[in-house]
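Undergrad: In our numbering, the protein residues as written are 322 to 566.
Beta carbons are placed, not taken as given, at the ideal position from N, Cα and C, and that holds for glycine.
Mind having a look at this structure? Questions to follow.
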């Protein structure tokens, strides 16, 4: 039987971490890598059989890479505190790592917003991978670098994506600063084309191409705020270029 490590990065997730840890108790090793939460995240995590590592946050890749070094099992599953493994997903994950056809797997994460799951506003991300030469790169929307081919699991995770409108916008702004910093480090410039066309295209892609309109008002809200996130990124690139941040 193959073994599984679960890695969960946290910061002030006291309302989510308990249910998250409950859903991954089937794993052989659970690592919570915490960015010095100021709420009861760590206290709640201590109620479970898991390893808690506290590390000052610098970027998303560095946090996860630090945890990867501590992983002892054959496979690693990466999840966030606001995500849950369903019984069907658990069974599929266990079966997959024992009879793998690929070295890594994407898992579907439909967004949860305004009290409903948005199945047309989902992400498919590599979250399960064999523990061989793994590392993340990128300050935000980090990419997992791995060996071998990638498959896709059939079952979705439960993902309580957004804790509210203000938190959603705040999250987009936070990501935008990381993305702007990466862009300026690569000497990328922002123009009026980027400020006007890029946000408009993001809205069109999210709402029409990915059929977000089928998710009703929540789908419209997600497309609009996604568009804002792109606009915010290019505004921040300009601010960095001018030395205003």
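(1) Check each candidate in 425, 447, 402 and 480 and name the one with the smallest Cα separation from residue 440.
(2) Taking the beta carbon of residue 555 as the centre, do at least 16 other beta carbons fall within 10 Å, making it buried, or is it exposed?
(3) Going residue by residue through the stretch 381 to 436, where are the continuous alpha helix (DSSP H) segments of at least 4 residues, counting only ones entirely within it?
(4) Taking DSSP's pairing of strands, which residues face residue 472 in a bridge?
(5) How do the stretch 398 to 418 and the stretch 337 to 357 stand: do at least 3 beta-carbon pairs fall below 8 Å, yes or no?
(6) Within the present structure, is the beta-carbon of residue 529 separated from the nearest heavy atom of the ligand NAD by less than 6 Å?
(7) Which one of 395, 547 and 388 has the shortest CA to CA distance from residue 570?
(8) Pull up the distance between the alpha-carbon of residue 430 and that of residue 411, whole angstroms please.
(9) Would you check if the distance between the CB atom of residue 451 and the CB atom of residue 396 is smaller than 7 Å?
(10) Rounded to whole angstroms, what's the CA-CA distance from residue 322 to residue 460? Just pull it up for me.
(11) Among the residues of its own chain, which have a CB less than 6 Å from the CB of residue 374, if the five just before and after it don't count?
(12) Which residue or residues does DSSP assign as beta-bridge partners of residue 375?
(13) Out of 379, 508, 330 and 466, point me to the one whose CA is closest to residue 561's CA.
(14) Tell me whether the beta-carbon of residue 350 lies closer than 7 Å to the beta-carbon of residue 326.
(15) Looking at the unbroken beta strand (DSSP E) that takes in residue 328, where does it start and where does it end?
(16) Within 10 angstroms of its Cβ, does residue 513 collect 16 or more other Cβ (buried), or is it exposed?
(17) Mapping the DSSP letters down to three states, classify residue 265 as helix, strand or coil.
(18) Opposite residue 444 in the DSSP bridges: which residues?
(19) State the DSSP-derived secondary structure class of residue 478, mapped to helix, strand or coil.
(20) Thinking just about the alpha-carbon of each residue, which of 540, 408 and 416 is nearest to the one in residue 477?
(21) Under the three-state reduction of DSSP, which class applies to residue 464: helix, strand or coil?
(22) For residue 532, collect the residues of the same chain with a Cβ closer than 6 Å to its Cβ; drop the 5 residues on either side in sequence, then sort them by chain order.
(23) How far does the beta strand (DSSP E) with residue 496 in it extend, from its first residue to its last?
(24) State the beta-bridge partners of residue 524 as determined by DSSP.
(25) Among the residues of its own chain, which have a CB less than 7 Å from the CB of residue 497, if the five just before and after it don't count?
TA: Reading from the atomic positions:
(1) 480
(2) buried
(3) 381 to 389 and 408 to 419
(4) 426
(5) yes
(6) For the ligand NAD, the structure offers nothing, since it holds no ligand at all.
(7) Since the displayed the chain opens at 322 and closes at 566, residue 570 lies outside it and no answer follows.
(8) Rounded to whole angstroms, residue 430 to residue 411 spans 15 Å at the Cα level.
(9) yes
(10) 35 Å
(11) 354
(12) Among the bridge pairs identified by DSSP, residue 375 is matched with 355.
(13) 508
(14) yes
(15) First-last of the beta strand (DSSP E) with residue 328: 325 to 331.
(16) exposed
(17) Because the chain in this structure spans residues 322 to 566, residue 265 falls outside the shown range and cannot be described.
(18) 430
(19) coil
(20) 408
(21) Of the three classes helix, strand and coil, the one that applies to residue 464 here is strand, per DSSP.
(22) Counting only Cβ-Cβ distances below 6 Å, and skipping sequence neighbours, we find 441.
(23) From DSSP, residue 496 is part of no beta strand (DSSP E) but of the alpha helix (DSSP H) over 486 to 506.
(24) Beta-bridge pairing links residue 524 to no other residue.
(25) 550, 553, 554 and 557
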